[in-house]
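What follows is a single structure, written as C-alpha cells, with notes after it.
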Amino acid sequence: AAMELPPGLSAASRAAALAAGYICYRRGGPGRGLALRALRRACAEDIDGVGRKYHLELELEDVLDKDSTVNCTAEVLYHLGNKNIAPDVQFTLERELKNADEADNVFYNRIKSLEKELVAENIPDNHGNVSPEMEPIHLLAWVASGYVIWQNSTENTKFQLAQIKHVKQVKRSDEYLEFDYKILLHEMLTQEIIPWQMTVLWHPQHGVEVTRDSRQTKEAPE
Amino acid sequence: MRILLLFAALAANAHSEQLFVGDQVLRVTASEEEQITLLRGLGEQAELQVDFWRHPTRPGHPADLRVPFHSLQAVKIFLESNRISYSVMIEDVQELLDEEKKTMMKSRRMERSTSTFDFASYHTLDEIYNWMDTLVDDHPNLVSKIQIGQSYENRPLYVLKFSTGGLKRPAIWLDTGIHSREWITQATGIWTANKIATEYGRDPSVTAILDSMDIFFEIVTNPDGFAFTHSSNRMWRKTRSINAGSFCVGVDPNRNWDAGFGGSGSSSNPCSETYHGPYAHSEREVKAIVDFIRGHGNVKSVISIHSYSQMLMFPYGYKTAPAPDHQELNELAKKAVSDLAAVYGTKYTYGSIVDTIYKADGTTIDWAYDNGVKYSFTFELRDTGRYGFLLPSTQIIPTATETWPALLDIMAYVLEHPY
Numbered sequence: 001a002a003m004e005l006p007p008g009l010s011a012a013s014r015a016a017a018l019a020a021g022y023i024c025y026r027r028g029g030p031g032r033g034l035a036l037r038a039l040r041r042a043c044a045e046d047i048d049g050v051g052r053k054y055h056l057e058l059e060l061e062d063v064l065d066k067d068s069t070v071n072c073t074a075e076v077l078y079h080l081g082n083k084n085i086a087p088d089v090q091f092t093l094e095r096e097l098k099n100a101d102e103a104d105n106v107f108y109n110r111i112k113s114l115e116k117e118l119v120a121e122n123i124p125d126n127h128g129n130v131s132p133e134m135e136p137i138h139l140l141a142w143v144a145s146g147y148v149i150w151q152n153s154t155e156n157t158k159f160q161l162a163q164i165k166h167v168k169q170v171k172r173s174d175e176y177l178e179f180d181y182k183i184l185l186h187e188m189l190t191q192e193i194i195p196w197q198m199t200v201l202w203h204p205q206h207g208v209e210v211t212r213d214s215r216q217t218k219e220a221p222e
Numbered sequence: 001m002r003i004l005l006l007f008a009a010l011a012a013n014a015h016s017e018q019l020f021v022g023d024q025v026l027r028v029t030a031s032e033e034e035q036i037t038l039l040r041g042l043g044e045q046a047e048l049q050v051d052f053w054r055h056p057t058r059p060g061h062p063a064d065l066r067v068p069f070h071s072l073q074a075v076k077i078f079l080e081s082n083r084i085s086y087s088v089m090i091e092d093v094q095e096l097l098d099e100e101k102k103t104m105m106k107s108r109r110m111e112r113s114t115s116t117f118d119f120a121s122y123h124t125l126d127e128i129y130n131w132m133d134t135l136v137d138d139h140p141n142l143v144s145k146i147q148i149g150q151s152y153e154n155r156p157l158y159v160l161k162f163s164t165g166g167l168k169r170p171a172i173w174l175d176t177g178i179h180s181r182e183w184i185t186q187a188t189g190i191w192t193a194n195k196i197a198t199e200y201g202r203d204p205s206v207t208a209i210l211d212s213m214d215i216f217f218e219i220v221t222n223p224d225g226f227a228f229t230h231s232s233n234r235m236w237r238k239t240r241s242i243n244a245g246s247f248c249v250g251v252d253p254n255r256n257w258d259a260g261f262g263g264s265g266s267s268s269n270p271c272s273e274t275y276h277g278p279y280a281h282s283e284r285e286v287k288a289i290v291d292f293i294r295g296h297g298n299v300k301s302v303i304s305i306h307s308y309s310q311m312l313m314f315p316y317g318y319k320t321a322p323a324p325d326h327q328e329l330n331e332l333a334k335k336a337v338s339d340l341a342a343v344y345g346t347k348y349t350y351g352s353i354v355d356t357i358y359k360a361d362g363t364t365i366d367w368a369y370d371n372g373v374k375y376s377f378t379f380e381l382r383d384t385g386r387y388g389f390l391l392p393s394t395q396i397i398p399t400a401t402e403t404w405p406a407l408l409d410i411m412a413y414v415l416e417h418p419y
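Residue numbers (full-length UniProt numbering), protein chains in the order written: chain S, 1 to 222; chain C, 1 to 419.
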C-alpha cells in the first residue's frame, strides 16, 4: 500500500532529484536542460522482496527559460539489498518539450568547425559565471551527469553536479561529438565533493550518451 | 571584452617595468592563403617583436597584432607592399594602460565608502573586513565591531553589534559563512548587515526591534576556510585545523557543537566533510561563539545561515523526537517561507532538520536550543542544485532581498514574544 509523504520530507526529495536527473539525461542536450522546480506529491510503497517505490508528481523547468515548465509523473524503484543496481525510473511528461533543434545545430556546427579541439576548465568559475560560449558545454555536462547520478544513487544519496573542472573535446572521424569531462559531484548527505570522469557522446539526432565513467580518487588530502 | 583580458596580461607585465609607449595594435585581414603565410612569417622575425593578440587563421578572419614602436614603420611598409589590408585599432597601447590603471584605482578608492561597495559581487576576506570598518564609520551610533576570538590560523573573529543602547538587552544572533564554500551566505550577510543599518529609523519593524533588542552578526564565521576557498580550493567546507595523526585537515564546524555530539549524523573520520572533531567545541571558531552566547546570557534567537537547498529549519537534527516548541517554530517557519516566496517566487521547504534534510549531530542551532535559545533557525539559501555552491553573483542581491522579509518575520516575532 502506498503511503503519502509530505513533500518537504528528505526521502521524497531525494527520489525527486534522482527522477529529475534521469529525465534530464533522457531528454536533454546542449540546447536544452531540465531541472526540478517543485515536488508536488509523493507516495512511497514497500514492495516485498523487491524494494521501495516512490510515486512522484513533479514540476520541471527549462533551464534556459525559467518560465517554461512541464508537469510530469515519475516512479522511482530503489532495489532491495544489492546496491550496485541503479534504481528503475519511469516517467511521463504531461506535454512535449520545446524543440531545441536550432540551438543544438548551432552548437554542433560551431564545434565541428573548430580548428583545434575545445578545451576548457572551471565551469562555472568560482563566481558562478558561465560564458555564453560555454553554456552548451555546461548544459551537456548537466545532462550527462544525470546518467552518472542515476547509476550511482541509493535511497540515501542526493547528488548534484557541482562544477566541471576540465573538459576536452576528443576528435572523431564520424559525425558524433565526443567530450572527456572531469567533473565534481556534490553528495548532499555526506557533503562530499567527488571527482568523476565521464566520456560523453552527442549528436543532434541521437541524443546524449555516456560511454564511460569512473569515480576518481581525490587529490592529495589537504 | 577580449581586449580587457589581454590588457590584464599586459598590465601584469607592466609591473615588471615593461612599457608600451607608442606601440600600436593593428587589425590585419588577409584576403588569401598566401597572405596568411606572410603574416606568420612576420611573427617569426624576432627583431620585430610582433606580438599576436589574435593569430591569423584563415582569409577573411581578422588577426590582431601588437607592434612595438620601433617596428611600426617596417611592419606597415611590409603590409602595404603585400597589399594586406589593416587598420589601427589602438593608437597607443601605453596610453590605454594608463587609463585603465587610473580607473581601477578609482574604483578601489570608491569602494571605501559603503554607498559604493559592490554588493553584487563576491569579495575576499580583506575586502569584507575593510567594509565592516566602513559600516561602523558610517553608522557610529548604531554599529560597532567586536572581536570574539581568533581562528585556528589566528585570524580575528569579528562580530558586528547593532545596538541603540541599554545594558545586555535581549539579543538576536546571526551568522553566515560557517561553511566557507557557501559564498552566497557571506555575501547575503554583508547586504543584510547594511540593510539593518540603513533601515533603522526608516522601517518600523527594524526600528522597533533595535529600540529594544541588540543584534549580533558574525559575517565570516570561518575565516580560515574562507581564505582557503579563495587561495586554493573553492569547495572547502570545514575549518583548517590540523588533525592529530591524519593528513586530512579540518573539522566540520556545524558538527562540532555539544548537542548530540559524535552521533551517526556526523563522521569520526578526519578526512570526511562532516568530521565532528576530537571533542565538542574543539574548534576555536565554535568555542568563541559558545563563550560569547553563554557569557552574554540574554540571547533569545540564533539564526545560522547556510546554502544550498532552499530550506528553513529548526531543531532537532540529532534526534527524530520533535522539539517541545515544534508547533510554534513550524508556524513561524511557514510564515517566513511564505513571505520569502512572495518576493520572486522562490520556493523553500521547511521543518525540523532531521525531517527536512537529514540526521545531523552537533549542529549550531541544536546546541543553542538545548541551551535555552528558543527561536533557533537555520536557513539553506539558493539554489536547489543548478549552480549549488557556485551561485552566480547576479543572484546575490535577489537572494538577499528575498531572504530579508523572512529574517524580519523571525526577528519581529522574537521581539513580540519575550521569554
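Glycine residues also receive a C-beta, built at the ideal position from the N, C-alpha and C atoms.
Could you name the residues of chain C that residue i contacts, counting a contact when the two beta carbons are closer than 8 angstroms?
{"i": "S/I23", "result": "Within chain C, no residue comes near S/I23; the closest Cβ sits about 14 angstroms away, beyond 8 angstroms."}
{"i": "S/P204", "result": "Residues of chain C passing the Cβ test: none, with the nearest at roughly 24 angstroms."}
{"i": "S/P124", "result": "Y387, L390 and P392"}
Starting from the beta carbon of residue i, find every residue of chain C whose beta carbon is closer than 7 angstroms, and list them in chain order.
{"i": "S/I85", "result": "Those do not exist, as S/I85 stays about 23 angstroms from chain C at its closest Cβ, beyond 7 angstroms."}
{"i": "S/G128", "result": "Y387, L390, L391, P392 and S393"}
{"i": "S/E115", "result": "T57"}
{"i": "S/A35", "result": "R386"}
Closest to residue i by C-alpha separation, out of the options, would be which residue?
{"i": "C/I196", "options": "C/I172, C/S180, C/E182 and C/H179", "result": "C/I172"}
{"i": "C/S180", "options": "S/L80, S/Y22, S/G49 and S/N126", "result": "S/N126"}
{"i": "C/Q150", "options": "C/R66, C/V414, C/D224 and C/W183", "result": "C/D224"}
{"i": "S/K83", "options": "S/R52, S/V63 and S/Q90", "result": "S/R52"}
{"i": "C/T221", "options": "C/L97, C/L160 and C/T207", "result": "C/L160"}
{"i": "C/I215", "options": "C/R234, C/S282, C/K300 and C/G250", "result": "C/K300"}
{"i": "S/Y22", "options": "S/T73, S/D65, S/S10 and S/E117", "result": "S/T73"}
{"i": "C/W191", "options": "C/Y375, C/E402 and C/P418", "result": "C/E402"}
{"i": "C/Q73", "options": "C/T207, C/A193 and C/V50", "result": "C/V50"}
{"i": "C/I148", "options": "C/V414, C/V290 and C/S246", "result": "C/V290"}
{"i": "C/S393", "options": "C/L96, C/S121, C/S71 and C/Y129", "result": "C/S121"}
{"i": "C/I293", "options": "C/Y369, C/N330 and C/V343", "result": "C/Y369"}
{"i": "C/Y200", "options": "C/K238, C/P253 and C/H139", "result": "C/H139"}
{"i": "S/S153", "options": "S/D62, S/D65, S/H79 and S/C24", "result": "S/H79"}
{"i": "S/H194", "options": "S/I47, S/F91 and S/S214", "result": "The displayed chain sequence assigns Ile, not His, to residue 194 of chain S. S/I194 has its Cα closest to that of S/S214, out of S/I47, S/F91 and S/S214."}
{"i": "C/G372", "options": "C/D252, C/P418 and C/S338", "result": "C/P418"}
{"i": "S/E45", "options": "S/S173, S/A15, S/D65 and S/I183", "result": "S/A15"}
{"i": "C/H70", "options": "C/V249, C/L19 and C/T176", "result": "C/L19"}
Check whether the Cβ atoms of residue i and residue j sit closer than 8 angstroms, and answer yes or no.
{"i": "C/L312", "j": "C/A288", "result": "no"}
{"i": "C/G189", "j": "C/I219", "result": "yes"}
{"i": "S/L5", "j": "S/V76", "result": "no"}
{"i": "C/T229", "j": "C/R255", "result": "no"}
{"i": "S/V148", "j": "S/W196", "result": "yes"}
{"i": "C/D118", "j": "C/G260", "result": "no"}
{"i": "S/E121", "j": "S/K165", "result": "yes"}
{"i": "C/Q395", "j": "C/T346", "result": "no"}
{"i": "S/Q169", "j": "S/E117", "result": "yes"}
{"i": "C/I178", "j": "C/T364", "result": "yes"}
At a cut-off of 7 angstroms, would you count residue i as near the ligand NAD, judging by its Cβ distance to the nearest heavy atom?
{"i": "C/E218", "result": "Among the components of this structure there are no ligands whatsoever, and the ligand NAD is therefore not found."}
Which chain S residues sit within Cβ distance under 8 angstroms of residue i?
{"i": "C/E273", "result": "T190, Q191, E192 and I193"}
Which chain S residues sit within Cβ distance under 9 angstroms of residue i?
{"i": "C/D355", "result": "P6, G8, L9 and S10"}
{"i": "C/M235", "result": "A162, Q163, L184, H186 and I193"}
{"i": "C/Y122", "result": "N126, H127 and G128"}
Less than 8 angstroms between the CB atoms is what I'm expecting for residue i and residue j, so what's the real figure, rounded?
{"i": "C/H306", "j": "C/E182", "result": "6 angstroms"}
{"i": "C/V75", "j": "C/L48", "result": "6 angstroms"}
{"i": "C/A412", "j": "C/L340", "result": "With a Cβ gap of about 14 angstroms, C/A412 and C/L340 do not count as contacting."}
{"i": "C/T37", "j": "C/P62", "result": "Incorrect: roughly 17 angstroms between the Cβ atoms, too far for contact."}
{"i": "S/T217", "j": "S/V210", "result": "That pair is no contact at about 20 angstroms."}
{"i": "C/V67", "j": "C/D98", "result": "Not a contact, Cβ separation roughly 19 angstroms."}
{"i": "C/L174", "j": "C/F217", "result": "5 angstroms"}
At a CB-CB cut-off below 7 angstroms, which residues of chain S make contact with residue i?
{"i": "C/K347", "result": "A38"}
{"i": "C/Y358", "result": "S10 and L189"}
Given that residue i touches chain C, what residues does it touch there, using C-beta distances under 9 angstroms?
{"i": "S/V63", "result": "R386"}
Subject >> Given 8 angstroms, three or more beta-carbon pairs between the segment 80 to 92 of chain C and the segment 144 to 162 of chain C >> reply: no
Subject >> Touching by the beta-carbon criterion (3+ pairs, under 8 angstroms), the segment 132 to 142 of chain S and the segment 13 to 31 of chain S >> reply: yes
Original post:
Between the segment 358 to 365 of chain C and the segment 315 to 322 of chain C, do three or more beta carbon pairs fall short of 8 angstroms?
Top reply: yes
Original post:
With a cut-off of 8 angstroms, do at least 3 Cβ pairs link the segment 32 to 45 of chain S to the segment 150 to 164 of chain S?
Top reply: no
Subject >> At least three beta-carbon pairs within less than 8 angstroms, the segment 36 to 43 of chain S to the segment 56 to 74 of chain S >> reply: yes
Original post:
Hey, is the segment 230 to 242 of chain C in contact with the segment 131 to 141 of chain C, meaning 3+ C-beta pairs nearer than 8 angstroms?
Top reply: no
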